[in-house]
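A.B. asks: In our numbering, the protein residues as written are 1122 to 1693. Even for Gly, the Cβ is constructed at its ideal location relative to N, Cα and C. Just so you know, these numbers come straight off a predicted model, no measurement behind them. One structure, pasted below without further comment.
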RNA sequence: GGACCAUUAGCUCAGCUGGAUAGAGCGCUGCCCUCCGAAGGCAGAGGCCAGAGGUUCGAAUCCUCUAUGGUCCGCCA
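Have a look at this one:
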């Protein structure tokens, strides 16, 4: 139950009452009326802008509306005060019992914060989708963490979520992979090999070459590509996907579905998707204008088969067939998204890396065209991750084969720290990931700070248990205790905002805030022993004090659950 | 030449479908442990929200232009 949504209902009911009594004209649109926490807590617990947004359409002064509204709201049991302020804000202070009840509700309902907002609608979240040519690197890691947390968040808010990975196993890069593995295969047979430009020299293919040798013996030695390429491609792709699954597992990411690009070829599905677009008059033969500015050296105008993506918001039309008649990468991608639509998803989300920014508009155009604008596609771009260690930047170079992998990061700091840290920035901002900072035990490190709060609470609970104290209904009295309870009351609202905007980082920041409130209360206990959760020699008083920290731990655990992070029982 | 993203305190960043005196951490200055874990907490200093116009009761937030930085830009995926 979202306390703010509840109060908004009260406000709307009061407005209806004003209309019924003729204090407000009928037919007003209340859609813009909000109930929010005021920026300054001194203004109260909640504030509504109702009087200001209605003043103009009602032809009345904001303060007059606010005053009339205040009179009605003051009659409610759970409203302690309603004051008109500023240009026409109505500040509401809630009765103490509201906050106590909030704590009670959290204790009674471990799903406190869960929302039915999604109404069971089906959403497909596609993320990672790295080429099956090697282990995942840090860039993929961010996408994996983001996509997974977003999927969790949507699940938490009532969506039916499918987590999906699109395997790019249909293009030229898997041929390159196959040739690279073939070289390792030759190497396994004792031959000297040289890795030319355009092959993958990474060590991770050595084992694959060995395994290939074990499987086929010397059958491919001295043979041409026509003999081995197709088989080695399948073999190598399967091996890479196995590697990638293990990488994802190390990070705690589990996909519901792996969807193969190759499965689209030779089945008529690409043709079907493009035929659908053709039927809408969106496919044509044509020649694109050369790009403005500096031209590629080998530019020459060629006729291609184009998708009229400009009809759905793109800047230029996009080729779906190369000049030699084969598909571009875009064509199977269109078919893939058509397949998602066909599977009945109500909404699609793609999580891409920053280097795919130029791809967003055409993908949205395709989905819009294919679904007649019925199915929304949101594309979330994760900006680059910059790694730091000992004050020096780490560099990545996939070509050289010495890039920093997901495993490097997870092995260094663990999956929990990796996940939380990567969610301490919004997806469209670049992220500095400092290995030293990530494992530092100080409030400078948000992971630690939140975990510390949880561990402190668990420490208290262990102590209470040892003393035979059993938690009872919450007893709140000090302002610092109410501050924490207010923060807890914001959780359901925060979750809905984060989910609506597809921004899981908001959860991480909220947990930091909540932890801050908690640490603050804890420290007040240093000066004022009556605020400690365990009251020495007074089991009854302790019992009533233990409810609040339990509620905090519960919400922290829920939030960390969304982020995919395990709450700690104690700090080492 | 174009597209997308960013620009908020000395540094790193939050900021809710537009709300009141713009927040946090680090750093800086001072405080708080005979006390459930001080791995914390409290207080102070520090801002033309890149700039200029516009929209309106009201703009860090929406629109336009400019500047700076990042990512990308036919037959690569």
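Could you spell out the range, first to last residue, of the beta strand (DSSP E) harbouring residue 1440?
C.D. replies: Residues 1439 to 1442.
A.B. asks: Got a sec, what are the start and stop residues for the alpha helix (DSSP H) residue 1666 sits in?
C.D. replies: Residue 1666 -> alpha helix (DSSP H) spans 1660 to 1666.
A.B. asks: Could you pull out every unbroken alpha helix (DSSP H) segment of at least 4 residues lying fully inside the segment 1596 to 1620, listed in chain order?
C.D. replies: 1600 to 1610
A.B. asks: Could you tell me which of 1178, 1145, 1219 sits nearest to residue 1127, measuring between CA atoms?
C.D. replies: 1219
A.B. asks: If you draw a straight line from the alpha carbon of residue 1391 to that of residue 1307, how long is it in whole angstroms?
C.D. replies: 36 Å
A.B. asks: Does the beta carbon of residue 1692 fall short of 7 Å from some heavy atom of the ligand FAD?
C.D. replies: Among the components modelled here there is no ligand, and therefore nothing to report on the ligand FAD.
A.B. asks: Could you tell me which of 1180, 1424, 1206 sits nearest to residue 1163, measuring between CA atoms?
C.D. replies: 1206
A.B. asks: I'd like to confirm the pairing. Which residues does DSSP put opposite residue 1378 in its beta bridges?
C.D. replies: Beta-bridge partners assigned by DSSP to residue 1378: 1285.
A.B. asks: Could I get the ranges of all uninterrupted alpha helix (DSSP H) runs contained in the segment 1526 to 1567, with 4 residues as the minimum, in chain order?
C.D. replies: 1527 to 1534, 1536 to 1543, 1556 to 1560
A.B. asks: With a threshold of 7 Å on Cβ separation, who are the neighbours of residue 1685 within its own chain once the five nearest residues in sequence on each side are excluded?
C.D. replies: 1269, 1270, 1273, 1373, 1540
A.B. asks: Between residue 1551 and residue 1507, is the Cβ-Cβ spacing less than 8 Å?
C.D. replies: Yes, these two residues count as a Cβ contact at 8 Å.
A.B. asks: On the CB-based measure, 16 or more other CB atoms within 10 Å of its CB, does residue 1405 come out buried or exposed?
C.D. replies: exposed
A.B. asks: Between the Cα of residue 1375 and those of 1338, 1567, 1249, 1444, spot the shortest distance and give me the residue it belongs to.
C.D. replies: 1249
A.B. asks: Might you give, ordered along the chain, the residues of its own chain that have their beta carbon closer than 7 Å to the beta carbon of residue 1381, omitting 5 neighbours on each side?
C.D. replies: 1288, 1290
A.B. asks: Classify residue 1499 as helix, strand or coil using the three-state DSSP reduction.
C.D. replies: strand
A.B. asks: Can you tell me which of 1303, 1571, 1141 puts its alpha carbon nearest to the alpha carbon of residue 1330?
C.D. replies: 1303
A.B. asks: Does DSSP put residue 1294 in a helix, a strand or coil?
C.D. replies: helix
A.B. asks: Between the C-alpha atoms of residue 1209 and residue 1263, what's the straight-line distance to the nearest angstrom?
C.D. replies: 44 Å
A.B. asks: For residue 1203 versus residue 1191, is the C-beta distance shorter than 8 Å?
C.D. replies: yes
A.B. asks: Assuming residue 1219 is part of the alpha helix (DSSP H), what are its boundary residues?
C.D. replies: Residue range 1217 to 1229 is occupied by the alpha helix (DSSP H) that includes residue 1219.
A.B. asks: Which stretch, first to last residue, makes up the alpha helix (DSSP H) that contains residue 1245?
C.D. replies: Per DSSP, residue 1245 belongs to no alpha helix (DSSP H); it is in the beta strand (DSSP E), 1243 to 1247.
A.B. asks: Rounded to whole angstroms, how far is the Cβ of residue 1278 from the Cβ of residue 1241, which I believe are closer than 8 Å?
C.D. replies: The pair is not a contact, with the Cβ atoms about 11 Å apart (cut-off 8 Å).
A.B. asks: So, at 8 Å on beta carbons, what are the nonlocal neighbours of residue 1427 in its own chain, with the 5 sequence-adjacent residues on each side left out?
C.D. replies: 1404, 1405, 1406, 1407, 1409, 1438, 1439, 1440, 1441
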